[in-house]
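Everything in the sequence shown is counted per UniProt numbering, starting at 38 for the first residue and increasing by one.
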Amino acid sequence: ASGLFTYDPGFMATSATESAITYIDGGNGILLHRGYPIDQLAAHSNFPELSYLLLFGELPTKEQYNEFERTVRSHTMVHEQLSNFYKGFRRDAHPMSIMCGVVGGLAAFYHDHMDISREEDRRISAIRLIAKMPTLAAMCHKYNIGQPFMYPRNDLNYAENFLYMMFGNPCETYEINPVFAKAMDRIFMLHADHEQNASTSTVRLAGSTGANPYACISAGIAALWGPAHGGANEAVLNMLDEIGDDSEDNIQAFIDRAKDKDDPFKLMGFGHRVYRNFDPRAKVMKETCDQVLSELGMADDPQLKIAKRLEQIALEDEYFIERKLYPNVDFYSGIILKAIGIPTNMFTVIFAVSRTIGWISHWNEMISSGNHKIGRPRQLYTGYTQRDYPAE
Ligand code: SDX
């Protein structure tokens, strides 16, 4: 039952992956995490609590939350040797290329004595990954800009700690901006899990071979890097820069390109494999974008104006209406991240930091169910029938 797509001779029988973690109703724009709607979670919860819910299946009591949060904070540091791994990369290496390497490298430090068939070993692997991803991500940025790595601080919450490791430095006190911290937590929540998307399916496929969780998450990071998947938020900002201003002509020219079958250009941040309605995350992301930019006195940010005008014109365009193409989670996230001061090459890394809880929850669900056969999608052979090698 947990196979992906099983082709049986004689007739096509499809069996989907079974999971109880996230439910998407693409036609009605519904996203539930363990039954709770994403908009209610975004309004009342936070990323650590959502992480607990995704991993363990229920909202934590106050004591469970405090214990979970404390345990995560106590694992935020990485082995000192890992910092040498960064020095092997060029300074201008894309942070996603570094993350693919260093996350897989965690196995060299933390997996030797782990047995993934033991629940406690799976739990601590999940905690370690949730805790260390922000540290490794911020180290990529520090390495890129030639500043020293910042050690995590256990007096800060998850989002605050990430901002501190990204923007703090040893020479001065870093003041956490509460607007940025709240927006960062919201961004982490909205990217946490999304059912069987390409990167989650990659993690499950790798996990089905018994590979260690660090290698599986590294495989998920590689899949997420694609511009059609996690790389879209960086591509949205590049697109808004190319459009240049919110004049109708400029915007219409890009919409016409997106509609042109001979032009590979797609409207970045629009459309989805599943949603045929608004991506519910995009609605919350747009509200957050408005909140953050108005609190920063940036309500008339030029890129925000272009994005809003582009959304308005596209949603009135026959091509987009017919195909039920709406803004997705990536359409506004980049504008928020840029307002916080995050460089564009870190956008997909932040997506990976957040999606790690989704990936590892799916990995844990699959391994703990014990009914996973090695994922081996079957093929429909379209090549030559047997033929003989030409005689001398
Ligand atoms: C994410 O799976 C997930 O859950 C992913 C994700 C997650 O949380 O893990 O939600 C994160 O990946 C969001 C998507 C980010 N990517 C982008 O924003 C890149 C731009 N979007 C497109 O590349 C596209 O919409 C996809 C890849 C997301 C989906 O592509 P599909 O499956 O081809 O979309 P479709 O079947 O709905 O397309 C129907 C039609 C096609 O045209 P026709 O063949 O009918 O003429 O709509 C067209 C598509 O060519 N189309 C677009 C378009 N998206 C689809 N045309 C112009 N611009 C677009 N953005």
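Glycine is no exception: its CB is placed at the ideal position from the N, C-alpha and C atoms.
Next item on the list: Mind checking which residues open and close the beta strand (DSSP E) that includes residue 29?
Entry: Because the chain is modelled from 38 through 429, residue 29 falls outside the range shown and cannot be assessed.
Margin query: Please return the same chain residues whose Cβ sits closer than 8 Å to the Cβ of residue 317, not counting the five positions on each side in sequence.
Written below: Walking along the sequence shown from the start, residue 317 turns up at place 280. Result list for residue 317: 66, 67, 68, 74, 75 and 76, in chain order.
Check: Do residue 320 and the ligand SDX come close, with the Cβ less than 7 Å from some heavy atom?
Finding: To locate residue 320, count along the sequence shown from 1; it is residue 283. Taking 7 Å as the cut-off, the C-beta of residue 320 does not count as close to any heavy atom of the ligand SDX.
Margin query: Going by C-alpha to C-alpha distance, which of 93, 144 and 101 sits closest to residue 115?
Written below: Against the sequence shown, residue 115 aligns to sequence position 78. Out of 93, 144 and 101, 144 has the C-alpha closest to the C-alpha of residue 115.
Check: Do the CB positions of residue 433 and residue 84 come within less than 8 Å of each other?
Finding: This structure leaves residue 433 out entirely; the chain is present only between 38 and 429.
Margin query: At 3 residues or longer, what runs of the beta strand (DSSP E) sit wholly inside the region 204-234?
Written below: DSSP runs (the beta strand (DSSP E)) wholly in the region 204-234: none.
Next item on the list: Go ahead and pull the three-state DSSP assignment for residue 102.
Entry: The residue labelled residue 102 in the question sits at position 65 within the sequence shown. Of the three classes helix, strand and coil, the one that applies to residue 102 here is helix, per DSSP.
Item checked: Cβ shell of residue 59 (< 6 Å), same chain only, five flanking positions each side left out -> Position 22 of the sequence shown, counting from 1, holds the residue named residue 59. Excluding residues within five positions, the ones whose Cβ falls inside 6 Å are 70, 230 and 232.
Item checked: Residue span of the beta strand (DSSP E) that contains residue 67, given as start and end -> As a first step, residue 67 is located in the sequence shown; it is residue number 30 there, counting from the start. Residues 67-70.
Note to self: Suppose you measure from the CA of residue 213 to the CA of residue 139; what does that come to, to the nearest Å?
What the structure shows: The count along the sequence shown starts at 1 and reaches residue 213 at position 176. The count along the sequence shown starts at 1 and reaches residue 139 at position 102. Their Cα atoms are separated by approximately 27 Å.
Checklist line | Sequence-distant residues of the same chain with beta carbon closer than 6 Å to residue 347, five excluded per side | finding: Taking the first residue of the sequence shown as 1, we reach residue 347 at position 310. Excluding residues within five positions, the ones whose Cβ falls inside 6 Å are 288.
Margin query: Just to confirm my understanding: we take residue 242, look at its own chain, exclude 5 residues before and 5 after, and list those with CB closer than 6 Å. What are they?
Written below: Taking the first residue of the sequence shown as position 1, residue 242 is located at position 205. Within the same chain, residue 242 has close Cβ partners 412.
Notebook entry, point to check: Going by beta carbon distance, what residues of the same chain come within less than 7 Å of residue 311, once the five residues before and after it are set aside?
Noted result: Your numbering for residue 311 matches position 274 in the sequence shown. Annotation for residue 311: 61 and 63 place their beta carbon closer than 7 Å to its own, counting only its chain and skipping 5 residues before and after.
Notebook entry, point to check: DSSP beta-bridge partners for residue 73?
Noted result: By one-based count along the sequence shown, residue 73 stands at place 36. BP columns for residue 73 point to 70.
Notebook entry, point to check: What are the boundary residues of the alpha helix (DSSP H) that residue 274 is part of?
Noted result: Locating residue 274 in the sequence shown gives position 237, counting from the first residue. Residues 269-280.
Note to self: Just to confirm, is the Cβ distance from residue 393 to residue 202 under 8 Å?
What the structure shows: Position 356 of the sequence shown, counting from 1, holds the residue named residue 393. Position 165 of the sequence shown, counting from 1, holds the residue named residue 202. In this structure, residue 393 lies away from residue 202, with their beta-carbon atoms at least 8 Å apart.
Note to self: Once DSSP output is grouped into helix, strand and coil, what is the label at residue 171?
What the structure shows: In the sequence shown, counting from the first residue as 1, residue 171 sits at position 134. Helix, per DSSP.
Notebook entry, point to check: What is the residue span of the alpha helix (DSSP H) that residue 396 lies within?
Noted result: Within the sequence shown, numbered from 1, the residue matching residue 396 stands at position 359. It spans 384-406 - the alpha helix (DSSP H) in which residue 396 sits, taken as one unbroken run.
Check: Given a threshold of 16 other Cβ atoms within 10 Å of its Cβ, counted over all protein chains shown, does residue 94 qualify as buried or as exposed?
Finding: Mapped onto the sequence shown, residue 94 falls at position 57. Exposed, since its Cβ has fewer than 16 Cβ neighbours within 10 Å.
Next item on the list: Tell me where the alpha helix (DSSP H) around residue 141 begins and ends.
Entry: Here residue 141 is taken as the residue at index 104 of the sequence shown, counted from 1. From DSSP, the alpha helix (DSSP H) with residue 141 extends over 132-142.
Item checked: Inter-residue CB distance, residue 153 and residue 250 (contact presumed, cutoff 8 Å) -> Walking along the sequence shown from the start, residue 153 turns up at place 116. Walking along the sequence shown from the start, residue 250 turns up at place 213. With 8 Å as the limit, residue 153 and residue 250 qualify as a contact, their Cβ atoms being about 7 Å apart.
Notebook entry, point to check: Hey, quick one: how far does the alpha helix (DSSP H) through residue 360 stretch, first residue to last?
Noted result: In the sequence shown, residue 360 corresponds to position 323, counting from 1. Per DSSP, residue 360 belongs to no alpha helix (DSSP H) and is neither H nor E.
Note to self: Between 168, 192 and 205, which has its C-alpha nearest residue 184's C-alpha?
What the structure shows: Within the sequence shown, the letter at position 147 stands for residue 184. If we check each option's Cα against that of residue 184, 205 comes out closest.
Item checked: CA-to-CA distance, residue 110 to residue 168, given in whole angstroms -> For the purposes of this step, residue 168 is taken as the residue at position 131 of the sequence shown. For the purposes of this step, residue 110 is taken as the residue at position 73 of the sequence shown. About 7 Å.
Item checked: Whole-angstrom distance between residue 405 and residue 162, CA atom to CA atom -> Here residue 162 refers to the residue found at position 125 of the sequence shown. Here residue 405 refers to the residue found at position 368 of the sequence shown. Their Cα atoms are separated by approximately 13 Å.
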